[in-house]
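A.B. asks:
Chains as they are written, first to last, in the working numbering: chain A, 327 to 564; chain B, 327 to 564.
#1: Relative to chain B, which residues along the segment 399 to 425 of chain A have a C-beta separation below 9 angstroms, given in chain order?
#2: Report the option in B:411, B:421, B:405 whose CA atom is closest to the CA atom of residue 432 of chain B.
#3: Between residue 467 of chain B and residue 525 of chain B, what straight-line distance do the alpha-carbon atoms span, to the nearest angstrom?
#4: With distances taken from CA atoms, which of A:454, A:462, A:415, A:491 is nearest residue 407 of chain A?
#5: Less than 7 angstroms between C-beta atoms, sequence neighbours within five positions excluded: which residues of the same chain meet that for residue 533 of chain B?
#6: Rank A:545, A:499, A:538, A:530 by C-alpha distance to the C-alpha of residue 517 of chain A and give the top, closest one.
#7: I want to verify the contact list: residues of chain A whose CB lies under 8 angstroms from the CB of residue 430 of chain B, in sequence order.
#8: Among the candidates A:452, A:458, A:403, A:486, whose CA atom is the shortest distance from the CA of residue 531 of chain A?
#9: When DSSP builds the beta bridges, which residues end up paired with residue 594 of chain A?
#10: Tell me, please, whether the CB atom of residue 554 of chain A is closer than 8 angstroms to any CB atom in chain B?
#11: Take residue 345 of chain A and list the residues in its own chain whose beta-carbon comes closer than 6 angstroms to its own, dropping the five residues that flank it on each side.
#12: Which value, in whole angstroms, describes the spacing of the CA atoms of residue 383 of chain B and residue 440 of chain A?
#13: Step through the CB atoms of chain A and report whether any lies within less than 8 angstroms of the CB of residue 550 of chain B.
#14: Which value, in whole angstroms, describes the spacing of the CA atoms of residue 429 of chain B and residue 543 of chain A?
#15: Can you check whether the C-beta of residue 501 of chain A is within less than 8 angstroms of a C-beta belonging to chain B?
#16: Mind reading off the beta-carbon distance from residue 501 of chain B to residue 536 of chain B? Whole number of angstroms is fine, and I expect it under 8 angstroms.
#17: What does residue 544 of chain B touch in chain A if you count any residue whose Cβ is under 9 angstroms from its own?
#18: May I have a chain-ordered list of the alpha helix (DSSP H) segments no shorter than 4 residues that lie completely inside the segment 352 to 421 of chain A?
#19: With C-beta atoms as the reference, is residue 333 of chain B less than 8 angstroms away from residue 461 of chain B?
#20: Answer with buried or exposed for residue 358 of chain B, where buried requires no fewer than 16 other C-beta atoms within 10 angstroms of its C-beta.
#21: Based on DSSP bridge pairs, tell me the residues matched to residue 436 of chain B.
#22: Using a Cβ-Cβ cut-off of 8 angstroms (strictly less than) and excluding sequence neighbours within five positions of residue 564 of chain B, which residues of its own chain qualify?
#23: Hey, how far is the Cα of residue 427 of chain A from the Cα of residue 380 of chain B?
#24: By the three-class DSSP mapping on this structure, what secondary structure does residue 470 of chain A have?
#25: Closest Cβ-Cβ distance between residue 564 of chain B and chain A: below 8 angstroms?
#26: What are the uninterrupted segments assigned as beta strand (DSSP E) that are 3 or more residues long and contained completely in the segment 463 to 525 of chain B, given in chain order?
#27: Hey, would you say residue 549 of chain A sits closer than 8 angstroms to residue 335 of chain A, going by beta carbons?
#28: Are the C-beta of residue 558 of chain A and some C-beta of chain B separated by less than 8 angstroms?
#29: Ignore the nearest five residues each way along the sequence and tell me which others in residue 476 of chain B's own chain have a CB closer than 6 angstroms to its CB.
#30: Sorted by chain position, which residues of the same chain lie with C-beta nearer than 6 angstroms to residue 452 of chain B's C-beta, five sequence neighbours on each side aside?
#31: Buried or exposed: residue 375 of chain B, going by 16 or more other Cβ atoms within 10 Å of its Cβ?
#32: Could you have a look at residue 533 of chain B and say whether DSSP puts it in helix, strand or coil?
#33: In the segment 512 to 526 of chain A, which residues sit with their C-beta less than 9 angstroms from some C-beta in chain B, listed in chain order?
#34: What does the Cβ neighbour count give for residue 342 of chain B, buried or exposed, with the cut at 16 atoms within 10 Å?
#35: Which residues in chain A sit within 8 angstroms of residue 534 of chain B, going by Cβ to Cβ distance?
#36: Quick one: what's got a C-beta closer than 7 angstroms to residue 327 of chain B's C-beta in the same chain, skipping five residues either side?
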């Protein structure tokens, strides 16, 4: 019997004595890729009930059922931080979603701007990438991946209580720093925002222009570095 | 005549009235890919003499000569920051070198540790990636890419004046913050350092354990996020 810590995200509630079904893809992964068997233990999380050790009580190539028996970590609050980014080509979009998930964002919002090169995105694919990153990086939740929005609609519907930071390449703004309040980072396309877009964003009361450091960064690097700065806080001292 | 800003790294000295040769690859790029011609202007930098506007005075498919005529930016001091990282698979190593260059490191040192999966690296390939990133991100210098070193040799030869930060997954260390002094970030392999390696590193007087934030990060993400934190300082106020 193997007890190595495979971690899986499930949508079912997790509680002691309540069987939780996995997906067909998870059945395939456990049976065929990882060669697990009934009786083996895995770790499960669903974004709400913490992390649970669970036994496989049923496993075929298409079906898996878990029996959670012990909570290994309680659900903990996560940062209320969004990433809004102008859609990139597929490889870079994938990278941004993966890294943003690792860094701890709660929502990922692709944005269409005047100079955005891409306008289509496979949401199921991005959700799968986010789930895999959360599973591997010990997160207790998976960020919400939103359908792409046009920039003007995003700004028009921006929620009242949420700060929005945008990177300023004029390099005169103050450095982006940790904020414990509800916040979001907006990263523009490779070609930058247009002047009209910048004027519209800048007029919004919740927007703050920030620097991400002294260097000029590619869009995907700006997203990763910006989130590192926005989410970086001292860990709880034990 | 095109004057769009192609930026190229050259090894020749840059000064007014002194012809500077480019490489065969640059001749091919300018002539065949970018369709430039004699008389066109490009921007050049060499890590020492600032950035120069230069005219193409000779261009064939195999040979290019530049005539610098005006310095567009003076050489400016860059952070004295190194990245030392346990070698990753090729795609991830490429990404780390590209992003570390964008973020402004002066030296990139691949390291071999007990749990490092890779031990070979194509230095010419990594140097080409660093040059391209520096060209595109307006840097005035290209980081030095060092041949891989074994971890014990790296620690034994560590220079006396340089701080070395290592990420601590126990999450009790203080957050990595900007340091204007000579510094370096050391990122371990996917499987982590061994206990013996950690003991050896921890005993070194210049080593400080730091946190990169609350999350568990993949190795390449730790390198990028860590450099973002280590190099992030307020820009000069203009």
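Just so it is clear, CB atoms sit at the ideal spot from N, CA and C, and this is done for glycine as well.
C.D. replies: So, to answer that:
#1: Correct list: 404, 405, 421, 424, 425.
#2: For the set B:411, B:421, B:405, the Cα lying nearest the Cα of residue 432 of chain B is the one of B:405.
#3: Their Cα atoms are separated by approximately 35 angstroms.
#4: Nearest option by C-alpha distance: A:491.
#5: Taken in chain order, the residues that qualify are 490, 492, 527.
#6: Across the set A:545, A:499, A:538, A:530, the C-alpha of A:545 shows the shortest separation from the C-alpha of residue 517 of chain A.
#7: The answer, in chain order, is 539, 540, 541.
#8: Out of A:452, A:458, A:403, A:486, A:486 has the C-alpha closest to the C-alpha of residue 531 of chain A.
#9: Only positions 327 to 564 of chain A appear in this structure, which leaves residue 594 of chain A out of reach.
#10: Yes, contact with chain B.
#11: These residues qualify, in order along the chain: 391, 393.
#12: Residue 383 of chain B and residue 440 of chain A have their C-alpha atoms some 38 angstroms from each other.
#13: At least one chain A Cβ lies under 8 angstroms of residue 550 of chain B.
#14: Residue 429 of chain B and residue 543 of chain A: Cα-Cα distance of roughly 7 angstroms.
#15: Answer yes: the Cβ-Cβ gap between residue 501 of chain A and chain B drops below 8 angstroms somewhere.
#16: The beta-carbon separation of residue 501 of chain B and residue 536 of chain B, rounded to 7 angstroms, stays under the 8 angstroms limit for a contact.
#17: Within 9 angstroms Cβ-Cβ: 424, 425, 428, 459, 462, 463.
#18: Taking only runs of at least 4 residues, no alpha helix (DSSP H) segment lies wholly in the segment 352 to 421 of chain A.
#19: Yes, Cβ-Cβ distance for residue 333 of chain B and residue 461 of chain B is below 8 angstroms.
#20: Per the 10 Å Cβ criterion, exposed.
#21: BP columns for residue 436 of chain B point to B:411.
#22: Low confidence applies here, because residue 564 of chain B scores a pLDDT of 46, under 50, leaving its location unreliable and the question unanswered by this model.
#23: Roughly 44 angstroms between the two C-alpha positions.
#24: Under the three-state reduction of DSSP, residue 470 of chain A is assigned to strand.
#25: Unreliable placement is indicated for residue 564 of chain B, whose pLDDT of 46 sits below 50; the coordinate value is still reported in the next sentence. Yes, residue 564 of chain B counts as interfacial toward chain A.
#26: Whole beta strand (DSSP E) segments, 3+ residues: 489 to 493, 509 to 513.
#27: A distance of 8 angstroms or more separates the beta carbons of residue 549 of chain A and residue 335 of chain A.
#28: Chain B, which has a Cβ nearer than 8 angstroms to the Cβ of residue 558 of chain A, makes this yes.
#29: When the five nearest sequence neighbours on each side are left out, the beta carbons in the same chain lying within less than 6 angstroms of the beta carbon of residue 476 of chain B are those of 438, in order along the chain.
#30: 423, 471.
#31: So residue 375 of chain B ends up on the buried side.
#32: Note: residue 533 of chain B maps to strand in three-state DSSP.
#33: Answer set for the segment 512 to 526 of chain A: empty.
#34: By the 10 Å Cβ count, residue 342 of chain B comes out exposed.
#35: Within chain A, no residue comes near residue 534 of chain B; the closest Cβ sits about 14 angstroms away, beyond 8 angstroms.
#36: Unreliable positioning characterises residue 327 of chain B in this predicted model, as indicated by a pLDDT of 39, which lies under 50. A coordinate reading is not provided.
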